[in-house]
Structures are given as structure tokens and as C-alpha cells.
Amino acid sequence: MALLEAIRANDGEALAAMVAGGVEGLNEAGDGGLTPLTLAVVTGNAGAVAALLALEELDPNVVTPKGFTALMLAVDVGDPALYGPLLADARVDPAVRGREGMTPLMAAAARNRDGAVVALLATDRAEPEAADDAGWTAVHAAAAQGAVEALGVLASEGIVAATATVCDSSGCTPLMYACIRGEPRTVSVLLDAAAEAVNLPGASGKTPLLEAVERGHVGLVPALLAAGADAAASNAKGITALHLAAANNLVEVVSLLATPATINVVDNSQRTAMFLAAGLGNAASVRVLAEVDGVDVLIPGPRETNAVHMAAEAGAAIDALIAVTPGALHIGNEDGMLPIHFAVRGTQTATLRWLLEQEGAEPAATDAEGWTILHMAAASGVMDVLEMLTTGDLAGVVPLNAVTIHGDTPLHKAARYGQADAARLLAGVPGVDFDALDCDGLTPRQAAAAAGHEEVAALCVPCQVPECAPPTPVMEAAFEERTVAHIAAVARNLDLISQTLPDLAEDLRLRADVHDASKWDEPERTPYVWLTAWYAAAARDEPLEYPAGVAAAVAAAITHHKACNRHHVEFHGAAGFAGMSDLDLAEMVADWAAIAQEQSGETTTSPREWFEASGRDKWDVSDADAARILSFIDALEVAISSSLSS
Numbered sequence: 001m002a003l004l005e006a007i008r009a010n011d012g013e014a015l016a017a018m019v020a021g022g023v024e025g026l027n028e029a030g031d032g033g034l035t036p037l038t039l040a041v042v043t044g045n046a047g048a049v050a051a052l053l054a055l056e057e058l059d060p061n062v063v064t065p066k067g068f069t070a071l072m073l074a075v076d077v078g079d080p081a082l083y084g085p086l087l088a089d090a091r092v093d094p095a096v097r098g099r100e101g102m103t104p105l106m107a108a109a110a111r112n113r114d115g116a117v118v119a120l121l122a123t124d125r126a127e128p129e130a131a132d133d134a135g136w137t138a139v140h141a142a143a144a145q146g147a148v149e150a151l152g153v154l155a156s157e158g159i160v161a162a163t164a165t166v167c168d169s170s171g172c173t174p175l176m177y178a179c180i181r182g183e184p185r186t187v188s189v190l191l192d193a194a195a196e197a198v199n200l201p202g203a204s205g206k207t208p209l210l211e212a213v214e215r216g217h218v219g220l221v222p223a224l225l226a227a228g229a230d231a232a233a234s235n236a237k238g239i240t241a242l243h244l245a246a247a248n249n250l251v252e253v254v255s256l257l258a259t260p261a262t263i264n265v266v267d268n269s270q271r272t273a274m275f276l277a278a279g280l281g282n283a284a285s286v287r288v289l290a291e292v293d294g295v296d297v298l299i300p301g302p303r304e305t306n307a308v309h310m311a312a313e314a315g316a317a318i319d320a321l322i323a324v325t326p327g328a329l330h331i332g333n334e335d336g337m338l339p340i341h342f343a344v345r346g347t348q349t350a351t352l353r354w355l356l357e358q359e360g361a362e363p364a365a366t367d368a369e370g371w372t373i374l375h376m377a378a379a380s381g382v383m384d385v386l387e388m389l390t391t392g393d394l395a396g397v398v399p400l401n402a403v404t405i406h407g408d409t410p411l412h413k414a415a416r417y418g419q420a421d422a423a424r425l426l427a428g429v430p431g432v433d434f435d436a437l438d439c440d441g442l443t444p445r446q447a448a449a450a451a452g453h454e455e456v457a458a459l460c461v462p463c464q465v466p467e468c469a470p471p472t473p474v475m476e477a478a479f480e481e482r483t484v485a486h487i488a489a490v491a492r493n494l495d496l497i498s499q500t501l502p503d504l505a506e507d508l509r510l511r512a513d514v515h516d517a518s519k520w521d522e523p524e525r526t527p528y529v530w531l532t533a534w535y536a537a538a539a540r541d542e543p544l545e546y547p548a549g550v551a552a553a554v555a556a557a558i559t560h561h562k563a564c565n566r567h568h569v570e571f572h573g574a575a576g577f578a579g580m581s582d583l584d585l586a587e588m589v590a591d592w593a594a595i596a597q598e599q600s601g602e603t604t605t606s607p608r609e610w611f612e613a614s615g616r617d618k619w620d621v622s623d624a625d626a627a628r629i630l631s632f633i634d635a636l637e638v639a640i641s642s643s644l645s646s
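Counting from 1, position 458 in the sequence shown corresponds to residue 458 in UniProt numbering; the numbering is continuous, with no gaps.
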């Protein structure tokens, strides 16, 4: 159509000629779905708008195929030069509905065209309280889009107060949409004009406060509470704003919402806010909640599990909860699991250690099926816990051969669940019972084989270290002095590595506590006393000749030691270095460095030279494994360099 082309090209002369000669199709949409008037608006052609409005045959209220009138498009653009002439034309109806029942006022409000809102309201024909097909009013539109200025105009004219409690088809008020959007100024305008909407829930049962907290709009909470928001209100699932804040670790909001009236409220699943915060590892929120008067950390949730259990499993501020209720140490869930069991299940070694150090702790306690924490660690392969309880400073606090109601020892559990590393470690602990029979009459080795774990079955046999001649007291003293010094050097190197890799710091400290602990007891101690003496003699160039049987015992003890300590690659069997965790590699590098430092007499010596010259070839280390090893050597060297320069 030539008229549309003239408007699109902003050709005033051509347009004037066409208008003077009469125009066909003046109110019809072209190929683009726009009438001449709506095209003039969207192209910002104010001259064309004026020229077209001068035509008597023009219908300015035509709704385009896409559902818009010229006035809707003009206020959407927000240019007074476009919507001003339209509103001045008596034929223009500012209440004509477009797509989905939208009015021009709704369009102007949604786009925050406050000038257009003022102009529309001045006509007294804009139907300011009208709702579209979805129940949205102009106030809904402004609130949902964060249109602060437009909303302010509507508030000043009393329209916000008149429609603030109107719910759309989804059951939401304008305030609800403002809280979803998270614009504080919009919320402030709505609350100032109509605070009575502050506790109106939507169709889902959520109040504005619940909506704001769920979406993390922390800044809205003080204003909502000041306007009278009910902090105890809950949604259809019984979840309160405090539940949501605690679950999302919104500590500032938790501080505002946690009161004696809300602290122990349970949702439909019997979970308190403390239960959720603890279970999700939100330690900061747990500590805030623990300070509230009347907090009950023992309220049972699903399966009689309480907040203390959840905190133990997640490693979340367990000390704060036990401080509130010390007796919680001894309370189990419906399966009889105590906090110590949950700590093992969550692989929270540091939390477990803390629990075991508390007065009245019961390290040998069992669940309803007779599982100790040692059974759990063995079945799940939680190696840090196994080491702590078998070769570390807490060795012996849990009976090594305790049996469940099914007759399983911890070694049975490692065997039955195919935990090779756990079985290897347990098999090297003095006193482990390889011949214990479960209720089916199976030994650990037989249980592993029955479960198809042949590799593990091969580990469930005694490590034979032959007896040998006793060393002299001088040799014993030298062994103890050297071993203490070596372990101290390893601990120092692990501390240096942790300075470069702080995320591993706590776990590395725990590794330092148990490093080489197996050397202190038989079957390793006596052979290693001899081995230490042999190395000392070699250093003096005075070779030591072992008495009969000692060489074989030393070789067997070395094999035993490597099979029981994860910082040795041999511990990991066929997996080799690829089977070693970052903690294993860090401890290995710290061990190598301690040996290199002992030989050089310098505490700053790195194991890099030895690894590059001999270590690679000794174990035929792949490039990928070498890169991982070298990354920890790098970390150690960076920390050493930093310590020298400070």
C-alpha cells in the first residue's frame, strides 16, 4: 500500500497528496499487521499521526491483528508528541481493550511511562481499575515490572489503594508481584498506599513475605515486617519465611524472623527451620537460630531425625547445638543412629572427632542393627575415619571386632561392600579377626567372595610378618627419636601445603595426626627399629648386618606399612596414582619432602629433584599422574618460598 510506504519513508509530501486525494484502506492493516495510524506511531512519525487524525473517515480505535490500538502503541513508546494528539481527539477511546483485554493505561503502567499515565488519567475515561483477561489491573502491571514512577502516579490518584487487594486469576495481588520482582521502591509505594495487602496469600498459599524470602530479596523483608507482615504465616506445605531463610542461609533474614514464636514451628514434613539449616550445612544460620530463647533442637523430623543429627551429617555448627542440649549426644533416630553415626554417614571427620571428644561421648554405641561408627566407615570406605579409629590417636575407642545383629565385624562390612581400601587398612590392624563368622557362617574373606569382590577377598587374610631378634634399647630410642622427627617434618610440610591450598587445611591436619601411626605397633614396630638402625649405620658408612630372620621381617613390615597407609601408592593396588585422592597425594609429597629434608639437613628442601630423577622411573609415572604430583610439589615450594620471604 502506497500510504504505508509513504509513512514508513517519512515522505510528508507524498502523504499530504494522498490525504488530499482521498485514501482507500485507511483503517486496514497491511502485510506487517499495522494500519497506517499504528505504523505512524511505531515509526515515531508525529506528522503522519496528525495528518491521519485530520481525516474524518479514520477510525483511531482499530485493534491490529496483534492486539494493539494506536494509543496503546503510543503510550508504550512514551512520546507525548504521539499520544498527546491521540488523547486530544474525541474519537479516541482510552478504554478500548487490546490483546488479552489490555487497556492503554495498563500498557503505560507496565512500561513505566508516568507521563502517559498522567495524561490517560486526565481523560477520566481510562477505566483505571479495569482488569484484563488474566485479572491484571494497571497496578498489577506496574508492580510486576518494577515501574516505580508510574506506580507513584497511580498511588497519588488513589488507584493503588482501590486495587491493592485485587487478586488476578492466579490469586496474586500487586504486592505479591512486587515481591516477586524484588524492587524495594515499588514495594514501599504499595505498602504506603495499602498496607492491608501485606498478608494476603496467593493461590499457592504464599504471602508477600514468603515470596520475597524464597526469591532471596533480603532488602524487602524489613519493610514487609514493619507493615505488619505475619512472620508465622506458612504456605500450603506449612513452610514459613523462617524455614525459607534458614534453608537458603539468608542470615540477615534469619536474624529478623527468628523469635520464640517462630523458632520451633514445623512444616508439613515435621521440619523446623533449624532442621533445614543444619541439614543443608548452613552453619551461620544454625548459630543464629541456636541463640533464640526456647529453641528445641530435638524436635523429631522424618524418621525421628532431629536437627542435631542433621548438623552432624552436614558438619554444620554441631557445637552450637550441643551447647543448647548436651544430652543430644545420646539421642538416636528411629534407626538408633546417634549424632556420631550421622557424622560418619556425612563423611564429617572433624565433626566426628569433636563429638568423640565431648564428655560422656559413647564411641562404641551402636544403632538398632548393631552398627558402630567403625562398621559404617568400613562399609562406606570413609578412610579418614577408619584411620582415626584404627591407627590414629583414637585407635581402640571402638572395638575392632564388634559384631552387628547379623554377626558382621567391620572387616565383614568392608568385604561385603567391596571397599578395597578399607579392607586393606583393617587387615593391617593388629588384632583384627580374620576368622570371625557372620550369621551365615562366613568369614570376611568368604563374604567378599560371595558378593563377587574377589580383589577384596584377597585382602582379607593376615599379613605375615615373621618374628625376628629384638633390637637393643639404644636402637629403640633412635627409632623413636627419628620417627617423631619425621612425623613432625611431615606435619610441617602438610601445613605449608595447606597455606597454598586452604580448602584442604582441616583434612591435611587430620592426616598429619595419623601419619605413619602403624609404625608404633607390631607387626611393624620391631622391623622398623631394625630398618632405622640399618639406615643410620649406612649413613656412617658402617654397614649393619641383620641377624637371621630380620631381613625377611623388615621386607614384610614394609609391605604391611605400604598396604595400610594411603599416602603410599602401593596401598591403591592396580589403580596406582590415579586411585589416590588429593589428600593422599599431598601427604605423599609431604612425606617425600620430609625424607629429602632429613637427608639434606635443610627444612626447605623440595622433593622435586628426587621425583624427576628417580621417582618417575621407579613407578613408571604417567604424564597425567606426574602433573597431579607436581602440582602439590608446586604448592609446597610456593609456601616454602613465601615463608622464607616473610
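Don't be surprised by glycine CBs; every beta carbon is placed ideally from N, CA and C. Here the structure is a predicted model, which means the values were calculated and not measured.
Check whether the region 463-477 and the region 524-538 touch, using three or more Cβ-Cβ pairs below 8 Å as the test. Yes, the region 463-477 touches the region 524-538.
Give the secondary structure of residue 532 by DSSP, where H, G and I count as helix, E and B as strand, and everything else as coil. Here residue 532 refers to the residue found at position 532 when the sequence shown is read from its first residue. Look at residue 532 here: in three-state DSSP terms it is helix.
Rounded to whole angstroms, how far is the Cβ of residue 426 from the Cβ of residue 437, which I believe are closer than 8 Å? Counting from one through the sequence shown, the residue named residue 426 turns up at place 426. Counting from one through the sequence shown, the residue named residue 437 turns up at place 437. That pair is no contact at about 17 Å.
Would residue 262 pass as a contact of residue 231 if the rule is Cβ separation under 7 Å? As a first step, residue 262 must be located in the sequence shown, where it is residue number 262. As a first step, residue 231 must be located in the sequence shown, where it is residue number 231. Going by beta carbons, residue 262 and residue 231 fall inside the 7 Å limit.
Would you mind working out which of 6, 393, 111 sits nearest residue 514, comparing C-alpha positions? Here the question's residue 514 lines up with position 514 in the sequence shown. Relative to the Cα of residue 514, the nearest Cα in the group 6, 393, 111 belongs to 393.
Going by other Cβ atoms of all chains shown within 10 Å of its Cβ, with 16 needed for buried, is residue 187 buried or exposed? Residue 187 sits at position 187 when you count from the first residue of the sequence shown. By the neighbour-count definition (other C-beta atoms within 10 Å, threshold 16), residue 187 is a buried residue.
Can you confirm whether the region 484-504 touches the region 543-562 when touching is taken to mean that 3 or more C-beta pairs between the two stretches lie within less than 8 Å? Contact fails between the region 543-562 and the region 484-504, because fewer than three Cβ pairs, one in each stretch, are under 8 Å apart.
First and last residue of the alpha helix (DSSP H) that includes residue 221? Position 221 of the sequence shown holds residue 221. From DSSP, the alpha helix (DSSP H) with residue 221 extends over 221-226.
For residue 113, which residues of its own chain have a beta-carbon under 6 Å away from its beta-carbon, when the five flanking residues on both sides are left out? To locate residue 113, count along the sequence shown from 1; it is residue 113. Excluding residues within five positions, the ones whose Cβ falls inside 6 Å are 75, 78.
Can you tell me which of the three DSSP states residue 622 falls into? Counting from one through the sequence shown, the residue named residue 622 turns up at place 622. Reduced to three states, the DSSP call for residue 622 is coil.
Write down the C-beta distance between residue 265 and residue 272 rounded to the nearest angstrom, noting that I regard them as a contact closer than 8 Å. Here residue 265 refers to the residue found at position 265 when the sequence shown is read from its first residue. Here residue 272 refers to the residue found at position 272 when the sequence shown is read from its first residue. In this structure residue 265 is in contact with residue 272, their Cβ atoms being roughly 7 Å apart against a cut-off of 8 Å.
Check the DSSP bridge columns for residue 234 and list the partner residues they point to. Looking up residue 234 in the sequence shown gives position 234. In the DSSP assignment, residue 234 is bridged to 240.
What residue from 67, 18, 80 has the CA that sits closest to residue 54's CA? Counting from 1 along the sequence shown, the entry for residue 54 is found at position 54. Out of 67, 18, 80, 18 has the C-alpha closest to the C-alpha of residue 54.
Relative to the C-alpha of residue 369, which candidate in 434, 399, 337 has its C-alpha closest? To locate residue 369, count along the sequence shown from 1; it is residue 369. Nearest option by C-alpha distance: 337.
Under 7 Å between the Cβ atoms of residue 154 and residue 160? Here residue 154 refers to the residue found at position 154 when the sequence shown is read from its first residue. Here residue 160 refers to the residue found at position 160 when the sequence shown is read from its first residue. It is a contact, given that the beta carbons lie within the stated cut-off.
Does DSSP put residue 386 in a helix, a strand or coil? Taking the first residue of the sequence shown as 1, we reach residue 386 at position 386. In the three-state reduction of the DSSP assignment, residue 386 falls in the helix class.
Please report the distance separating the alpha-carbon of residue 90 from that of residue 84. For the purposes of this step, residue 90 is identified with residue 90 of the sequence shown, where counting begins at 1. For the purposes of this step, residue 84 is identified with residue 84 of the sequence shown, where counting begins at 1. Between residue 90 and residue 84, the C-alpha separation is close to 12 Å.
Which residue from 97, 431, 384 puts its Cα closest to that of residue 422? Taking the first residue of the sequence shown as position 1, residue 422 is located at position 422. The shortest C-alpha separation from residue 422 is found at 384.
Starting from residue 176, trace the alpha helix (DSSP H) in both directions and tell me its first and last residue. Along the sequence shown, one-based indexing puts residue 176 at 176. That run of the alpha helix (DSSP H) goes 174-181.
Could you tell me the distance, in whole angstroms, from the CA atom of residue 451 to the CA atom of residue 435? In the sequence shown, residue 451 corresponds to position 451, counting from 1. In the sequence shown, residue 435 corresponds to position 435, counting from 1. Approximately 17 Å, taken between the alpha carbons.
By the three-class DSSP mapping on this structure, what secondary structure does residue 596 have? Locating residue 596 in the sequence shown gives position 596, where the first residue counts as 1. Annotated three-state conformation of residue 596 is helix, per DSSP.
Which whole-angstrom value is the C-beta distance of residue 560 and residue 463, which I expect to be below 8 Å? On the sequence shown, residue 560 is found 560 positions in, with the first residue counted as 1. On the sequence shown, residue 463 is found 463 positions in, with the first residue counted as 1. Confirmed, Cβ separation roughly 5 Å.
Can you tell me where the alpha helix (DSSP H) with residue 413 in it begins and where it stops? The residue you call residue 413 lines up with position 413 of the sequence shown. Segment 410-416, the alpha helix (DSSP H) holding residue 413.
Suppose only complete runs of 3+ residues qualify. What are the beta strand (DSSP E) ranges in the region 344-388, listed by chain order? With a minimum length of 3 residues, there is no unbroken run of beta strand (DSSP E) contained wholly in the region 344-388.
Under the assumption that residue 96 contacts residue 69 (Cβ atoms under 8 Å), give the Cβ distance between them as a whole number of angstroms. Numbered from its first residue, the sequence shown carries residue 96 at position 96. Numbered from its first residue, the sequence shown carries residue 69 at position 69. The beta-carbon distance between residue 96 and residue 69, rounded to whole angstroms, is 5 Å. This is short enough to meet the 8 Å contact definition.
Report back the beta-carbon spacing between residue 457 and residue 416 to the nearest angstrom; my notes put them in contact at under 8 Å. For this step, residue 457 is matched to residue 457 along the sequence shown. For this step, residue 416 is matched to residue 416 along the sequence shown. That belief does not hold up - the Cβ atoms of residue 457 and residue 416 are roughly 11 Å apart, past 8 Å.
For residue 92, which residues of its own chain have a beta-carbon under 7 Å away from its beta-carbon, when the five flanking residues on both sides are left out? Here residue 92 is taken as the residue at index 92 of the sequence shown, counted from 1. Within the same chain, Cβ atoms closer than 7 Å to the Cβ of residue 92 are found at 60, 61, 71, 86, the five residues on either side in sequence being excluded.
Are the CB atoms of residue 465 and residue 502 within a distance shorter than 7 Å? Position 502 of the sequence shown holds residue 502. Position 465 of the sequence shown holds residue 465. No.
Could you tell me how far apart the beta carbons of residue 364 and residue 397 are, in whole angstroms, since I believe they sit closer than 8 Å? As a first step, residue 364 must be located in the sequence shown, where it is residue number 364. As a first step, residue 397 must be located in the sequence shown, where it is residue number 397. Residue 364 to residue 397, Cβ: 7 Å. Contact.
Tell me the DSSP secondary structure of residue 540 in three-state form. As a first step, residue 540 is located in the sequence shown; it is residue number 540 there, counting from the start. If DSSP states are grouped into helix, strand and coil, residue 540 belongs with coil.
Residue 38, enclosing alpha helix (DSSP H) - first and last residue: Along the sequence shown, read from residue 1 onward, the residue named residue 38 stands at position 38. Taken as a continuous stretch (DSSP letters only), the alpha helix (DSSP H) holding residue 38 covers 36-42.
Residues of its chain near residue 506, where Cβ-Cβ distance is below 7 Å and the 5 sequence neighbours each way are ignored: Here residue 506 refers to the residue found at position 506 when the sequence shown is read from its first residue. Same-chain partners within the cutoff: 350.
Answer yes or no: do residue 217 and residue 182 have a C-beta to C-beta separation smaller than 7 Å? The count along the sequence shown starts at 1 and reaches residue 217 at position 217. The count along the sequence shown starts at 1 and reaches residue 182 at position 182. Yes. Within cutoff.
Kindly indicate the opening and closing residues of the alpha helix (DSSP H) around residue 279. Translated into positions along the sequence shown, residue 279 becomes position 279. DSSP places residue 279 in the uninterrupted alpha helix (DSSP H) bounded by 273-279.
Rounded straight-line distance, which links the Cα of residue 344 to that of residue 424: Locating residue 424 in the sequence shown gives position 424, counting from the first residue. Locating residue 344 in the sequence shown gives position 344, counting from the first residue. Distance between the alpha carbons of residue 424 and residue 344 is about 19 Å.
At what residues does the alpha helix (DSSP H) containing residue 255 begin and finish? On the sequence shown, position 255 is the one that residue 255 refers to. 251-257 is the extent of the alpha helix (DSSP H) around residue 255.
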